[in-house]
Amino acid sequence: MMSVLSDFEKVPQFGWKVNLDHTYEEHKSPFCLPRIKQIIYLLPLLVRYFIYNVSCIICGRVPVMDFLRLRKAQQKYGVPFGGIGGGSIGRGFRGEFCRFQMIPGLYDYDTAEANQFILTIRDEDKKTVFQQVLSAAVEPRRSGALSSWDWNFPGKNASYTGLFPRSWTEYNIPEHNLRLICRQVSPVIPHNYKDSCLPGGVFLWTCENNSDTLKNVTITFTFSSGCGNNKHVSDSCETDSFSSKGNLAQVSGATIKQKLNNMNCSYSIAALKNVEQNITVTTHFDPAGSGETLWETLKCDGNLSAMNQTSHIGKNVGVAVACECQISPGGASNAQFALTWDMPVIKFLESPKTFTRYYTKYFGSEGSNSPSMCEYALENYTKWEKEIFQWQQPTLNSITLPSWYKSAIFNELYYVADGGTQWLLMDDVDELPSTDIRIEYGRFGYLEGHEYMMYNTYDVHFYASWALIQLWPRLQESIQYEFRSTIDYQSLDTRKNLYNGKPMYRKVKHTIPHDLGAPGENPWLEINAYPVHDVCEWRDLNLKFVLQCYRDYSLTKNIKYLGDMWPQLNSVMEYSLKWDSDNDGMIENGGFPDQTYDAWTMTGVSAYCGSLYFASCFAMSKMGEALGDAEASALYHTRFSTATEVFVKKLWNGQYYNFDCSSGPGHQSVMADQLCGLWYLRASGVKDEILPKDQVKSALQTIFNLNVKCFQNGTMGAVNGMLPDGSIDVSAIQSEEMWTGVSYGLAAFFIHENMESEGFTTGAGVYKTTYHTTGLAFETPEAFYENKKYRSIGYMRPLSIWAINRALTPS
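Quick look at the structure:
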């Protein structure tokens, strides 16, 4: 039969596609044991870290980075569910609800067994001929839970397509000639700041009857309390039903009211009643029981009308909504479900301060609005899908872009919603200047990674921010205002860093902090949660603030933003001069890991920080010119000229730029990220010859020939460090890693420099390793190793793939 779906609803040709019975041949494991010579160097740090970690556990605190309890990749995830900044629920591609991110700074990886869709088919005589849970998850269920349900849906009869923020699951029921398609839609929409913050979304079912007999079909959505478990549920939960007449039709559903870590949180599920459909609800089934009553009621009646619809109280509760319809031979029918949650006021694990989530600006902060948000979602999902389709279609329709890219560019955006993201209203807005973007768009924070629990880790955000500035530029500006507010702040409280055991200040003036705090402490109040190094001495943070300000301005042309940043831009650049220890016009690294490669030491002038410095001087000159500050513009242009001369003199070896000016063999390492600063200028629209053109071309070609082509035969991105003889630099843990986000950024740089084939080859290696070879889809790690290891799953930096989009966009 002809598809009943419109163009914007159809399963797209491109995206991440697997069958529900798909398994992965390769199983990588978390990196946990450095090489012997690396251990010798790191041993004092490892001892201090062990003491730190154990003390956190004893005191009931969450370690910022927990290397003793590493997360193992699950090889099961699909597109996560929910908008930006109000929590999210991960979903497996086989149909399970898993990886709940409801409590700030805490991920729950248990599968909620009771959160399911059930298909019931009855014949013309209303005799049930088929009933199964529409999940092909193979993991064992907890003993006795929902044992009356039929869990044996054959995964070979279903396929999955993920294209964030939507996914499609196609189910075939060959014995009854039925085809079902479930579209999962979250309202993550570029430049839409209202709908994108909605905590929830919709599941839209289309059922096609390809048989020659009438079918009575019921799809039932079940949901339970907690986060895949009930260990965070405080007190008892309460359920209730609701029904309302919206602008389109009647919406009926059920709500679970609960407390998660003593914070009010309600879940609501609902269905939209269409003509000739019957919507029924139950507010009472036991998710930990056999599930027999619900199962047999559906099997007998095809609906839930015989079940309890009154309020119920219990420790572990479940609710369900069923949509029953009749489908003629050759016909089709739709069922629309919504899932939303309302957790308006939050607090972090160790913080006494409460925060109000941004979505309450539009949907209310009373804590009882999940039913109305379900209604809003069911009334607006068509608009959402059209906007998402219009945004994605130019990329998907391009005949020049490779298919892997069409999937990767959208699917890596999962982290904007699923990265521990908190989008909050600003308090004390009266104290902010009128031009501060946070007054209107709030405070935005996302974690460095699922395992590295720090908000807005700035050295990493530098790479990831390409997604925000192009899709939600006000959120990027909000983060910049947040860091701007910290520049003149200092905290002279001392603590010992784990690297060398020496005392360090928490924050000194005129420095950009490493992060804005950890969810296990007091984020936004206690910044620089990172305990390993003295980040006030990191060379890259101040420079990355400068380059992001320039990049933001070059893309948005927001002169007010630039004017607000200008005084602090000057102060962080002046502070950076203290790192020019020999007064030659170029900063030097301090002989410890004093930049984002925090396990890879740079000494003297380095390619990485040196390129960031001369690029920042150039950017300051251009920003001064835009603001009419001719004196500052001239000063910084002079500094730029001097810095580039020193950079070339001290690092150029005739083929590429040396890693640094140290005396050891590692200084000749070919660093994939050696021209990071120049990449940022190119991506900001700078076409000037910053460095000699032939040198840049030679350096990039060397990186491609060695770091890309000699690393797993060019199928795995770019290894961070490669020696001139074509062997991997194993002098440090991070030199032998392939950083997914750096490789995506390098791919963009190649494209800027008219090396498009090299760029797409580099990016393809990252994507295919993540999504196809290793099964780490939607938990992209920070790093891969050549030897079947990965580090830090679910990481921020791969959002840098949006730098490729920038490289492909005409200036």
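Residue 555 in full-length UniProt numbering is what sits at position 555 of the sequence shown, and the numbering runs on without skipping anything. Glycine residues also receive a C-beta, built at the ideal position from the N, C-alpha and C atoms. Only a predicted model underlies this, so the values are computations on that prediction, with no experimental measurement involved.
{"Asked": "Pair within 7 Å by beta-carbon distance, L272 and T120", "Found": "no"}
{"Asked": "Beta-carbon spacing of F100, C227 below 7 Å", "Found": "yes"}
{"Asked": "Terminal residues of the beta strand (DSSP E) in which I121 lies", "Found": "Q116 to R122"}
{"Asked": "Own chain partners of N262 with C-beta closer than 8 Å, once the 5 adjacent residues on each side are dropped", "Found": "S234"}
{"Asked": "Beta strand (DSSP E) segment containing S236, residue limits", "Found": "V233 to K245"}
{"Asked": "Entirely enclosed beta strand (DSSP E) segments - the stretch 485 to 565, minimum 3 residues", "Found": "491 to 496 and 503 to 507"}
{"Asked": "Within 7 Å, strictly: CB atoms of K768 and K28", "Found": "no"}
{"Asked": "Bridge-paired residues (DSSP) for K347", "Found": "T354"}
{"Asked": "C-beta contact flag for P358 and L424 at 7 Å", "Found": "In the sequence under discussion, the amino acid at residue 358 is Tyr, which differs from the Pro named in the question. Taking 7 Å as the Cβ cut-off, Y358 and L424 qualify as a contacting pair."}
{"Asked": "Nearest candidate by alpha-carbon position, reference E482, set L471, A518, F444 and K502", "Found": "F444"}
{"Asked": "Residues bridged to P30 [DSSP beta-bridge criterion]", "Found": "Y790"}
{"Asked": "Local conformation of V79 per DSSP, three classes", "Found": "coil"}
{"Asked": "Contact under 7 Å by Cβ, P287 with A137", "Found": "no"}
{"Asked": "Of the listed residues L5, I40 and A73, nearest to E26 (C-alpha basis)", "Found": "A73"}
{"Asked": "The stretch 53 to 70 in contact with the stretch 444 to 458 per 3-pair CB rule at 8 Å", "Found": "yes"}
{"Asked": "Three-state class that DSSP yields for M623 in the structure shown", "Found": "helix"}
{"Asked": "Same chain, Cβ closer than 6 Å to E292, five either side skipped, listed in chain order", "Found": "S148"}
{"Asked": "For L424, the residue or residues it bridges with in DSSP", "Found": "R357 and R443"}
{"Asked": "Minimum C-alpha distance to A807 - residue among S731, G685 and Y795", "Found": "G685"}
{"Asked": "Exposure of G155, with buried meaning 16 or more beta-carbon neighbours within 10 Å", "Found": "buried"}
{"Asked": "Cβ separation of residue 816 and P531, assumed to be a contact under 8 Å, to the nearest whole Å", "Found": "Since the first residue of the chain shown is 1 and the last is 811, residue 816 is not available in this structure."}
{"Asked": "Cβ pair residue 829, Y636 closer than 7 Å", "Found": "Outside the displayed span of the chain (1 to 811) sits residue 829, for which this structure offers no information."}
{"Asked": "Residue nearest to Y446 in terms of C-alpha spacing, selected from L543, L68, D436 and A417", "Found": "A417"}
{"Asked": "Proximity of residue 813 and S241 at Cβ, strictly below 7 Å", "Found": "The displayed coordinates of the chain run from 1 to 811. Any statement about residue 813 would go beyond what the structure contains."}
{"Asked": "Supposed close pair E437, H461 - CB separation, criterion 8 Å", "Found": "The sequence shown places Ile at residue 437, rather than the Glu named in the question. No, I437 and H461 are not in contact; Cβ-Cβ is about 16 Å, not under 8 Å."}
{"Asked": "Beta-carbon proximity of G585 to T642, cut-off 7 Å", "Found": "yes"}
{"Asked": "Residue closest to G83, alpha-carbon to alpha-carbon, out of W341, L46 and L68", "Found": "W341"}
{"Asked": "Supposed close pair S243, G318 - CB separation, criterion 8 Å", "Found": "Actually they do not touch by this definition, with Cβ atoms about 19 Å apart."}
{"Asked": "Whole runs of the alpha helix (DSSP H) within the stretch 354 to 411, excluding any shorter than 4 residues", "Found": "360 to 363, 370 to 397 and 403 to 411"}
{"Asked": "Closest Cα partner of E782 within the set R797, G775 and T774", "Found": "R797"}
{"Asked": "Runs of beta strand (DSSP E) lying entirely within the stretch 279 to 335, each at least 3 residues, in chain order", "Found": "312 to 314 and 318 to 327"}
{"Asked": "Cα-Cα separation between D534 and F647, rounded to whole angstroms", "Found": "25 Å"}
{"Asked": "Environment of G144 [buried if 16+ CB atoms lie within 10 Å]", "Found": "exposed"}
{"Asked": "Exposed unless 16 or more other CB atoms sit within 10 angstroms - verdict on K650", "Found": "buried"}
{"Asked": "Residues of its chain near G314, where Cβ-Cβ distance is below 7 Å and the 5 sequence neighbours each way are ignored", "Found": "S236 and C237"}
{"Asked": "Closest Cα partner of A732 within the set T601, T255 and D580", "Found": "T601"}
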